[in-house]
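If you read the protein sequences in the order shown, they are chains F and S. Take the first sequence: its position 8, counted from the start at 1, is 8 in our numbering, and no numbers get skipped. Take the second sequence: its position 7, counted from the start at 1, is 7 in our numbering, and no numbers get skipped. Idealized CB from N, CA, C, for every residue including glycine. In what follows, a structure is listed as structure tokens, so that the remarks can point back to it.
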Amino acid sequence: ELKVEQNPLFLSMQEGKNYTIYCNYSTTSDRLYWYRQDPGKSLESLFVLLSNGAVKQEGRLMASLDTKARLSTLHITAAVHDLSATYFCAVDRVRGSQGNLIFGKGTKLSVKP
Amino acid sequence: DAGVIQSPRHEVTEMGQEVTLRCKPISGHDYLFWYRQTMMRGLELLIYFNNNVPIDDSGMPEDRFSAKMPNASFSTLKIQPSEPRDSAVYFCASSLGMGGHTEAFFGQGTRLTVV
């Protein structure tokens with residue numbers, strides 16, 4: 001069965017703290033996506049990781065991909081309230097089939113003062 | 001480009017009624033996807049099109065659901081008859097296609113409530 005598993009599913013952080021969200025997947029995809037969703041809103045693309053060892057950073061978020069371990073991480077540095085949202089990782093259902101995605105259940109992040 | 005455009009944003013309908021959701025993909029994108037999001041099942045792919053042709057509809061829950069893409073700039077997802085368990089947020093997404101270094105872009109979604 002094709003699976004994408006995220007943990008934790010819920011994360012309550014204090015502002016200024018660091019934390020990591022983990023995404024394990026069972027497909028042979030060499031491409032992984034991170035999306036952000038605010039309540040009642042659409043999915044916003046954060047990162048596209050295209051190969052083993054890929055690392056991308058945007059502001060306080062950094063994502064990495066280890067295709068051998070089938071693991072991606074989303075690291076949050078010095079969290080701020082504006083980062084509160086649900087974060088999804090996703091992989092191609094079929095290698096190269098971008099858009100035909102299997103999503104994780106999402107990690108709901110709440111950053112408190 | 002304005003992004004993927006979906007309509008309506010909200011739809012409330014009575015059980016048994018027909019519901020039609022609409023989507024305009026990003027111009028130039030040759031793949032279009034319909035997803036459904038629920039608390040219980042998360043985000044699920046229902047069907048996707050390539051160059052207006054349905055490629056995989058294995059995610060469509062049952063025969064009450066149908067989707068069409070009559071041209072490159074328009075797609076519909078129809079539910080007939082609707083049931084309360086169809087209540088969900090339906091997202092349309094589009095992408096440039098296989099092998100590129102881009103991702104799927106999602107519309108704002110249609111929140112469907114069947115009472």
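Checklist entry - If you check the beta carbons only, do F88 of chain F and G99 of chain F fall under 8 Å apart? => result no
Next on the checklist: So with CB distances below 7 Å, who are the chain F contacts of G28 of chain S?
Outcome noted: What G28 of chain S touches in chain F: nothing, since even the nearest Cβ is about 14 Å away.
Checklist entry - For Y35 of chain S, which residues of its own chain have a beta-carbon under 6 Å away from its beta-carbon, when the five flanking residues on both sides are left out? => result L43, L45 and F91
Checklist entry - R70 of chain F by DSSP, collapsed to three states: which one? => result coil
Checklist entry - Using the rule of at least 16 other Cβ atoms within 10 Å of the residue's Cβ for burial, across every protein chain shown, is E11 of chain S buried or exposed? => result buried
Checklist entry - What separation, rounded to the nearest whole angstrom, lies between the Cα atoms of P70 of chain S and N24 of chain F? => result Their backbone Cα atoms lie some 38 Å apart in a straight line.
Checklist entry - Taking three-plus beta-carbon pairs below 8 Å as touching, is the segment 46 to 57 of chain F in contact with the segment 1 to 21 of chain F? => result no
Checklist entry - Between A93 of chain S and L112 of chain S, is the Cβ-Cβ spacing less than 8 Å? => result no
Checklist entry - Taking 8 Å as the CB-CB limit, is G16 of chain S close to chain F? => result No, G16 of chain S lies away from the interface with chain F (no Cβ there is under 8 Å from its Cβ).
Next on the checklist: Considering only the alpha carbon of each residue, which of F:Y22, F:V111 and F:L2 lies closest to L83 of chain F?
Outcome noted: When only C-alpha atoms are compared, the closest one is F:V111.
Item to check | Straight-line Cα distance separating F105 of chain S from K78 of chain S | outcome: The alpha-carbon atoms of K78 of chain S and F105 of chain S are separated by roughly 21 Å.
Item to check | Neighbouring residues, chain S, relative to G99 of chain F (Cβ below 7 Å) | outcome: Y31, F33, Y48, A93, S95 and A104
Next on the checklist: Considering just the uninterrupted stretch of the beta strand (DSSP E) at H10 of chain S, what are its terminal residues?
Outcome noted: H10 to T13
Item to check | P70 of chain S in three-state terms, based on DSSP | outcome: strand
Checklist entry - Given that Q80 of chain S touches chain F, what residues does it touch there, using C-beta distances under 7 Å? => result What Q80 of chain S touches in chain F: nothing, since even the nearest Cβ is about 25 Å away.
Item to check | Whole-angstrom distance between H81 of chain F and I130 of chain S, CA atom to CA atom | outcome: For chain S, the structure presents residues 1 to 115; residue 130 of chain S sits outside this window and is missing.
Checklist entry - When the cut-off is 8 Å and only beta carbons count, does V48 of chain F lie next to chain S? => result yes
Checklist entry - In this structure, does DSSP put D56 of chain S in helix, strand or coil? => result strand
Item to check | For L43 of chain F, three-class secondary structure by DSSP | outcome: Note: L43 of chain F maps to strand in three-state DSSP.
Checklist entry - Are any of the Cβ atoms in chain S nearer than 8 Å to that of K105 of chain F? => result yes
Item to check | Residues that L115 of chain F contacts on chain S, provided the C-beta gap is smaller than 7 Å | outcome: What the structure shows of chain F is the stretch from 1 to 113, and residue 115 of chain F is not part of that stretch, so it cannot be assessed.
Checklist entry - Going by beta carbon distance, what residues of the same chain come within less than 6 Å of G106 of chain F, once the five residues before and after it are set aside? => result T86 and F88
Next on the checklist: Please classify S42 of chain F as buried or exposed, where buried requires at least 16 neighbouring CB atoms within 10 angstroms.
Outcome noted: Looking at its Cβ environment, which holds 16 or more other Cβ atoms inside 10 Å, S42 of chain F is buried.
Next on the checklist: Measuring straight from C-alpha to C-alpha, what distance separates Q6 of chain F and V91 of chain F?
Outcome noted: Going from the Cα of Q6 of chain F to the Cα of V91 of chain F covers about 12 Å.
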